[in-house]
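Q: Below is the structure I would like to discuss, written out as structure tokens.
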Amino acid sequence: MKVVVSIGGSVLVPEPGADRVAEHAAVIEDLVEDGCRVGAVVGGGGVAREYIGAARNLGANEIELDQLGIDVTRLNARLLITALNEDSVTAPATDYDEAGEALRRGDVCVMGGVAPAQTTDAVGAALAEYVDADLLVYATSVPGVYSDDPNENDDATKFTELSATELVDVIADLEMNAGASSPVDLLAAKVIQRSGMRTIVLDGTDPERISRAVRYGDHEGTDIIPEGAGEEPTYWAQNEDE
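In UniProt numbering, the protein residues as written are 1 to 242.
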């Protein structure tokens, strides 16, 4: 099984420290031991937002701010690499060819941002499409995809299952509402739609949730099911009943 895990920066590094990074690294290593090939994409989180805010106040333009954000994602990616064993790459991949080659060698591939105007949400979806992954997992700080921002609207409804087209529509509606936040951005949703990539969006603050989702398909997040696919996938790493 080939899986790409996109880990939000606020999930991996909610504050400076090693514990959460080590826990996520341990889950990735366990999946590799089970025979999975794993690519990880790491976001910038709160640290990136702080740097970007400071740079904006200093007069940086949007491309400069994007580049700064990419730098922070790659620093976070290096933290994850440091916590992984020697079967990982030694530095974050900077393009999809490099990432794909690492996976073909059997290494754990780790990426941060790639290009300005593209979030790590989109990088995760693009990497999954590029390497023909069986599963894409978004480990976010929220329990799934909602009809509205659950931090702002107590009546927001969580979706347990969406088609890729429905995901695009939901995210487009959220992005049109100024200030609303979504666990996956619109570009990522469109890549998922065109690729037919089976995707899970879940709360990854406890990395064991990622493990259960990949091993058994067991999670409390949102399933994004490709058009024409059956509801029950057949490629989970293990059967929980075995």
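For each residue, glycine too, the CB sits at the ideal point set by N, CA and C.
Are the CB atoms of T157 and D148 nearer to each other than 9 Å?
A: One thing to note: T157 has its Cβ within 9 Å of the Cβ of D148.
Q: G44: buried (16+ other C-beta within 10 angstroms of its C-beta) or exposed?
A: buried
Q: Go through the segment 111–194 residue by residue and report every complete run of the beta strand (DSSP E) that reaches 3 residues or more, in order.
A: 135–140 and 161–163
Q: So what's A18 in DSSP terms, helix, strand or just coil?
A: coil
Q: Starting from the C-beta of V123, find all residues in its chain whose C-beta is less than 7 Å away, skip the five residues before and the five after it, and write them out in chain order.
A: Around V123, the same chain offers V41, M111, G113 and V114 as residues with beta carbons nearer than 7 Å, after the five sequence neighbours per side are excluded.
Q: Between the C-alpha atoms of G179 and I171, what's the straight-line distance to the nearest angstrom?
A: In this predicted model, G179 has a pLDDT of only 43, less than 50, meaning its place in the structure is not dependable; the value taken from the coordinates is given anyway. Each residue's Cα considered, the two are about 13 Å apart.
Q: Could you tell me the alpha carbon to alpha carbon distance between N85 and D154, rounded to whole angstroms?
A: 42 Å
Q: Tell me where the beta strand (DSSP E) around V3 begins and ends.
A: K2 to I7
Q: Express the C-alpha separation of D169 and L31 in angstroms, rounding to a whole number.
A: 33 Å
Q: Exposed or buried, which one is R20 when buried takes at least 16 other CB atoms within 10 Å?
A: buried
Q: Take the Cβ of A18 as the centre, count every other Cβ of all protein chains shown within 10 Å, and call the residue buried at 16 or more, exposed below.
A: exposed
Q: Is there contact between the segment 47–55 and the segment 64–72, where contact requires at least three CB pairs shorter than 8 Å?
A: yes
Q: Rounding to the nearest angstrom, what Cα-Cα distance links D107 and E98 in this structure?
A: Across the structure, D107 and E98 are spaced so that their CA atoms are roughly 11 Å apart.
Q: Go ahead and label A83 buried or exposed: buried means 16 or more other beta carbons lie within 10 angstroms of its beta carbon, across all protein chains shown.
A: buried
Q: Between which two residues does the alpha helix (DSSP H) harbouring D97 extend?
A: Residues Y96 to R105.
Q: Since T199 is in the alpha helix (DSSP H), which residue starts that stretch and which ends it?
A: No alpha helix (DSSP H) contains T199, which is instead part of the beta strand (DSSP E) from T199 to D203.
Q: Measure the alpha-carbon distance for E152 versus E101 and round it to whole angstroms.
A: Roughly 42 Å between the two C-alpha positions.
Q: Exposed or buried, G39, counting other C-beta atoms within 10 Å across all chains shown (16 or more means buried)?
A: By the 10 Å Cβ count, G39 comes out buried.
Q: Quick check on V214: does DSSP put it in helix, strand or coil?
A: helix
Q: Take V4 as the anchor and find which of D134, L167, A189 and L12 has the nearest alpha-carbon.
A: Comparing Cα positions, the closest option is D134.
Q: Look at the alpha carbon of E33 and the alpha carbon of L202, and state the distance between them as a whole number of angstroms.
A: 23 Å
Q: Would you call N61 buried or exposed, if buried means 16 or more other Cβ atoms sit within 10 Å of its Cβ?
A: So N61 ends up on the exposed side.
Q: My output table needs one value for A83: the three-state DSSP class, helix, strand or coil.
A: In the three-state DSSP reduction, A83 falls in the helix class (H, G or I).
Q: Within 10 angstroms of its Cβ, does T57 collect 16 or more other Cβ (buried), or is it exposed?
A: First, the residue type needs correcting, since residue 57 is Asn and not Thr in the sequence shown. With fewer than 16 other Cβ atoms within 10 Å, it is exposed.
Q: Out of D223, A26 and T165, which one is the CA nearest neighbour of T199?
A: D223
Q: Given E29, which residues of its chain have a CB within under 7 Å of its CB, disregarding the five upstream and five downstream residues?
A: Closer than 7 Å at the Cβ level, and outside the excluded window around E29, lie L84 and N85.
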